[in-house]
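>
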Amino acid sequence: MKSDLSHLNAAQREAVLYLDGPTLVLAGAGSGKTRVITQKIGYLIRDCGYQARGIVALTFTNKAAREMDERVKSMMDPAVTKGVTISTFHSLGVRILREEAAHAGLKQQFSILDSDDALAIVQDLLATTDKGRIRGVQQTISLWKNGLTDPDEAAKLAATPNELEAARVYRSYNATLSAYQAVDFDDLIALPAQIFSLNPEVREKWQARVRYLLVDEYQDTNVCQYRLVQWLTGPRAMFTAVGDDDQAIYAWRGATIENLANLTKDYPAIRVIKLEQNYRSSQRILAAANQVISHNPKLFEKKLWSEHGTGEAISVVGMDDEQTEAESVAMKVSAARFEKQAEWRDFAILYRGNHQARVVEQAMRNLRIPYTVSGGQSFFDKAEVRDILSYLRLIANDADDPAFIRAATTPKRGIGQATLQTLGQYAGMRGISLFEASFEIGLEAKLNQRQLEPLRTFGEFINRIQYRAGKLTVGQAVRPVEAADVLLDDLIQTIDYERYLYDNFDEKPAQSRWQNVLELINWLKRKSEEDHMSLFDLVQHVALITMLERSDDKDPDAVKLSTLHASKGLEYPHVYLLGVEEGLLPHMGREDEDVDAARAADILVERVQEERRLMYVGITRAQRSLHLSWCKKRRRAREDVSRDPSRFIAEMGLSDPTALNQAATESLNPRARLDMLKSLLNKK
Ligand code: ATP
Ligand code: MG
Numbered sequence: 001m002k003s004d005l006s007h008l009n010a011a012q013r014e015a016v017l018y019l020d021g022p023t024l025v026l027a028g029a030g031s032g033k034t035r036v037i038t039q040k041i042g043y044l045i046r047d048c049g050y051q052a053r054g055i056v057a058l059t060f061t062n063k064a065a066r067e068m069d070e071r072v073k074s075m076m077d078p079a080v081t082k083g084v085t086i087s088t089f090h091s092l093g094v095r096i097l098r099e100e101a102a103h104a105g106l107k108q109q110f111s112i113l114d115s116d117d118a119l120a121i122v123q124d125l126l127a128t129t130d131k132g133r134i135r136g137v138q139q140t141i142s143l144w145k146n147g148l149t150d151p152d153e154a155a156k157l158a159a160t161p162n163e164l165e166a167a168r169v170y171r172s173y174n175a176t177l178s179a180y181q182a183v184d185f186d187d188l189i190a191l192p193a194q195i196f197s198l199n200p201e202v203r204e205k206w207q208a209r210v211r212y213l214l215v216d217e218y219q220d221t222n223v224c225q226y227r228l229v230q231w232l233t234g235p236r237a238m239f240t241a242v243g244d245d246d247q248a249i250y251a252w253r254g255a256t257i258e259n260l261a262n263l264t265k266d267y268p269a270i271r272v273i274k275l276e277q278n279y280r281s282s283q284r285i286l287a288a289a290n291q292v293i294s295h296n297p298k299l300f301e302k303k304l305w306s307e308h309g310t311g312e313a314i315s316v317v318g319m320d321d322e323q324t325e326a327e328s329v330a331m332k333v334s335a336a337r338f339e340k341q342a343e344w345r346d347f348a349i350l351y352r353g354n355h356q357a358r359v360v361e362q363a364m365r366n367l368r369i370p371y372t373v374s375g376g377q378s379f380f381d382k383a384e385v386r387d388i389l390s391y392l393r394l395i396a397n398d399a400d401d402p403a404f405i406r407a408a409t410t411p412k413r414g415i416g417q418a419t420l421q422t423l424g425q426y427a428g429m430r431g432i433s434l435f436e437a438s439f440e441i442g443l444e445a446k447l448n449q450r451q452l453e454p455l456r457t458f459g460e461f462i463n464r465i466q467y468r469a470g471k472l473t474v475g476q477a478v479r480p481v482e483a484a485d486v487l488l489d490d491l492i493q494t495i496d497y498e499r500y501l502y503d504n505f506d507e508k509p510a511q512s513r514w515q516n517v518l519e520l521i522n523w524l525k526r527k528s529e530e531d532h533m534s535l536f537d538l539v540q541h542v543a544l545i546t547m548l549e550r551s552d553d554k555d556p557d558a559v560k561l562s563t564l565h566a567s568k569g570l571e572y573p574h575v576y577l578l579g580v581e582e583g584l585l586p587h588m589g590r591e592d593e594d595v596d597a598a599r600a601a602d603i604l605v606e607r608v609q610e611e612r613r614l615m616y617v618g619i620t621r622a623q624r625s626l627h628l629s630w631c632k633k634r635r636r637a638r639e640d641v642s643r644d645p646s647r648f649i650a651e652m653g654l655s656d657p658t659a660l661n662q663a664a665t666e667s668l669n670p671r672a673r674l675d676m677l678k679s680l681l682n683k684k
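Per the UniProt record's numbering, the sequence shown runs over residues 1 to 684.
#1: So, does the region 13 to 23 touch the region 268 to 276, judging by three or more C-beta pairs under 8 Å?
#2: So, is I293 buried or exposed, given that buried needs 16 or more other C-beta atoms within 10 angstroms?
#3: In angstroms, rounded to a whole number, what distance separates the CA positions of L604 and G583?
#4: Between the alpha carbons of A79 and I45, how many angstroms are there, rounded?
#5: Ordered along the chain, which non-local residues of its own chain (more than five positions away) have a Cβ less than 6 Å from that of E482?
#6: To which residues of the same chain is Q207 closer than 6 Å at the C-beta, ignoring the five residues directly before and after it?
#7: For H565, name the three-state secondary structure that DSSP assigns.
#8: For E639, report the span of its beta strand (DSSP E) as first-last.
#9: Are the CB atoms of F185 and I112 within a distance shorter than 9 Å?
#10: Residue ranges of each alpha helix (DSSP H) run of no fewer than 4 residues wholly in the region 392 to 457, ordered along the chain?
#11: Roughly how many whole angstroms lie between the Cα atoms of K508 and E498?
#12: Do you know how far the Cα of I134 is from the Cα of A543?
#13: Can you list, in chain order, the residues of its chain with a C-beta nearer than 8 Å to that of L125? Leave out the 5 residues immediately preceding and following it.
#14: Identify the continuous beta strand (DSSP E) that holds S87 and give its terminal residues.
#15: Quick check: K412 and R513, are their CB atoms within less than 9 Å of each other?
#16: Since M319 sits in a beta bridge, which residues does DSSP pair it with?
#17: Mind checking G569: buried by the 16 CB within 10 Å criterion, or exposed?
#18: Could you tell me if I441 is buried or exposed, where buried requires 16 or more neighbouring beta carbons within 10 angstroms of its beta carbon?
#19: Do the CB positions of H574 and F347 come within less than 9 Å of each other?
#20: Among the candidates L213, G49, K40, K145, whose CA atom is the shortest distance from the CA of T88?
#21: Which residues share a DSSP beta bridge with K274?
#22: Among residues of its own chain, excluding the 5 on either side of L491, which ones have a beta-carbon nearer than 7 Å to its beta-carbon?
#23: For K302, which residues in the same chain have their Cβ closer than 6 Å to its Cβ, ignoring the five residues on either side in sequence?
#24: Name, in chain order, the residues that DSSP records as bridge partners for K560.
#25: Of the residues T61, I349, A251, which one's Cα is nearest the Cα of I619?
#26: Report the rounded CA-to-CA distance for Y500 versus T324, giving the unit in angstroms.
#27: At a cut-off of 8 Å, would you count G569 as near the ligand MG, judging by its Cβ distance to the nearest heavy atom?
#28: Exposed or buried, what is A407 when buried is set at 16 or more other beta-carbons lying within 10 Å of its beta-carbon?
#29: Can you tell me which of P151, N397, C48, S433 puts its alpha carbon nearest to the alpha carbon of K107?
#30: Quickly, what does DSSP pair S197 with across the bridge? List them, please.
#31: Using beta-carbon positions only, say whether L626 and S315 come within less than 9 Å of one another.
#32: Just how far apart, CA to CA, sit R337 and A313?
#33: Where does Q341 sit, in a helix, a strand or coil, going by DSSP?
#34: Would you say D244 touches the ligand ATP, meaning its beta carbon is less than 8 Å from a heavy atom?
#35: For the candidate residues A65, F60, S646, whose alpha-carbon lies nearest to that of T38?
#36: So who's on the other strand from E581, going by DSSP bridges?
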């Protein structure tokens with residue numbers, strides 16, 4: 001059966017049909033870029049005889065991947081699309097790394113560290129408790145990894161005192177990770193890229209597998225991800241990338257818009273296609289979005305237009321404080337749902353920072369409005385959840401020392417700090433994991449019986465569960481002896497975690513923590529049943545979603561609370577954008593003490609521009625109505641500070657007299673690279 005391309009416009013159709021070389025679709029929000037990707041997947045399979053398993057589509061978040069998956073499934077018989085890979089860069093990275101672990105000096109059952117564990121390692125290496133410094137170093141290391149800069153190069157590049165410190169830590173940090181048989185989030189992309197670059201036979205194997213690659217939100221890829229795309233597609237270069245430079249919002253994580261220019265440079269024959277019709281928003285919303293983004297230097301002229309009517313007026317209100325703002329938005333959503341005969345899921349409440357979610361959640365609960373939160377502090381970050389997961393991680397990979405320490409000491413079982421220190425020294429001396437060390441005869445000379453016994457009991461306990469779960473022996477999968485759900489129940493019972501909670505916390509918090517544990521266990525069981533996952537698969541799966549976002553459950557009928565970052569690519573009939581204030585949106589972040597005045601001014605300009613793109617992303621999520629609010633005062637670290645409406649409100653060209661707050665930084669020069677980009681991107 002041939003694909004029906006009649007619900008695409010001419011430019012979209014061109015993008016779908018073009019197969020003579022790489023394709024780049026560059027277009028504004030809501031112009032159907034993602035639709036091009038899903039349609040092209042169908043076209044490749046149905047009309048061009050591509051095997052489903054040869055097609056890989058990459059997106060940014062689990063949520064986006066899931067949406068795309070659903071769109072593809074609804075388009076054609078699931079039997080036809082079965083085998084298509086639709087995933088995030090990071091999940092694909094895990095898949096590659098599991099298969100090629102040996103090339104990176106890893107065992108197949110390596111652990112994926114969450115950012116807290118990674119932070120703890122940096123903290124250890126720095127021997128400080130200064131949070132700002134620890135985070136600074138972690139972020140610098142992360143940027144290096146994302147730029148494929150190894151410790152040697154980093155040491156050469158480092159110029160400022162902060163960078164020099166980070167470079168020093170970087171090397172030991174990597175050494176620690178490999179001792180733990182663990183990788184961090186950034187490694188999930190960097191290591192596969194590295195493996196491909198060093199091993200021609202490995203990359204050729206993958207190139208033969210990936211017959212066609214599609215990348216959504218290309219503007220937010222970093223150097224590493226771009227390399228991965230290049231390695232995966234190889235000289236055949238069969239890929240389609242779609243993106244919007246105006247929606248680049250991850251520069252702080254190392255994403256680089258230069259990747260757009262690099263594409264046209266590395267693939268001179270690339271077909272660049274622009275889409276101009278917006279199918280998402282009313283004209284008013286689109287006009288406001290265009291107005292705001294016109295204050296940024298342009299890569300190329302985009303003439304987005306919409307056939308939807310003028311639409312509702314955009315509302316802007318100044319509230320007294322965030323409490324009032326939250327209560328008011330809850331009330332408005334509730335009323336609007338009634339007036340418009342809409343569903344809860346038609347509403348989204350968006351904000352700049354996670355910390356804004358709490359008051360909104362409270363207000364939603366007060367009015368009994370169902371809601372879900374995404375991009376927020378993760379369920380998986382809760383202490384009790386991390387406790388249980390540390391057991392699972394240890395079972396899956398007993399070289400995971402951070403997991404060992406956490407599990408061995410929670411609940412307390414007579415393994416004290418002194419024991420752990422001796423164990424750590426011994427393990428370090430022998431070059432083995434804490435878990436392994438705990439069984440060694442040599443340890444008996446260092447610890448007394450009272451210290452040794454609980455350690456051995458714990459080790460044997462973990463060993464038994466490993467065996468029952470079907471532990472991997474030298475890369476060979478052994479069939480699980482018992483199902484994951486039985487093991488999970490046993491585990492929780494044996495460690496007596498419920499009692500531990502009630503012994504250590506007041507009744508109420510203990511209760512709610514225990515609820516979370518039950519929720520986790522039930523969710524794991526459901527997952528293992530639905531997707532036939534073993535305990536090991538589960539651990540891996542959890543590590544990944546921990547990294548990316550909270551929920552991977554189906555979409556219930558609920559109001560969506562989300563950070564602006566997490567809302568990318570999605571759309572909602574009615575959007576409420578909170579905290580549109582100077583200092584919050586644009587958010588200014590920490591001053592960099594390390595740079596001279598000229599560089600500082602540059603950084604400031606870039607920051608405002610990135611925040612403006614974030615604002616553009618927010619506005620363009622709305623289909624029919626858009627409501628902005630800002631607070632006259634807001635609580636910061638226990639005191640109220642007075643606030644002004646964001647410059648972006650003025651830039652939207654709305655007639656709000658309170659919002660005339662022009663930007664002072666705008667007149668500074670856009671960077672020279674923009675000219676280069678412009679000339680490259682305007683060619684066709
Ligand atoms: P974003 O930049 O926000 O990711 P996008 O360019 O990926 O947006 P899509 O999400 O693909 O845009 O499309 C926006 C909306 O317009 C979707 O609801 C989509 O179904 C619809 N749409 C896209 N193309 C067409 C078309 N040719 N005809 C009708 N509706 C369309
Ligand atoms: Mg999209």
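Glycine included, each C-beta is placed from N, C-alpha and C at the ideal position.
Predicted model, so just to flag it, every value in this text is computed and none were measured.
To lay it out plainly:
#1: yes
#2: buried
#3: 12 Å
#4: 11 Å
#5: R468
#6: G234
#7: helix
#8: 639 to 642
#9: yes
#10: 401 to 409, 417 to 430, 434 to 437
#11: 13 Å
#12: 22 Å
#13: V169, S172, Y173, T176
#14: 85 to 88
#15: no
#16: C631
#17: buried
#18: exposed
#19: yes
#20: L213
#21: L26
#22: Y391, I465
#23: G28
#24: A348, T372
#25: I349
#26: 40 Å
#27: yes
#28: buried
#29: N397
#30: Its beta-bridge partners do not exist; DSSP assigns none.
#31: yes
#32: 17 Å
#33: coil
#34: yes
#35: A65
#36: P645
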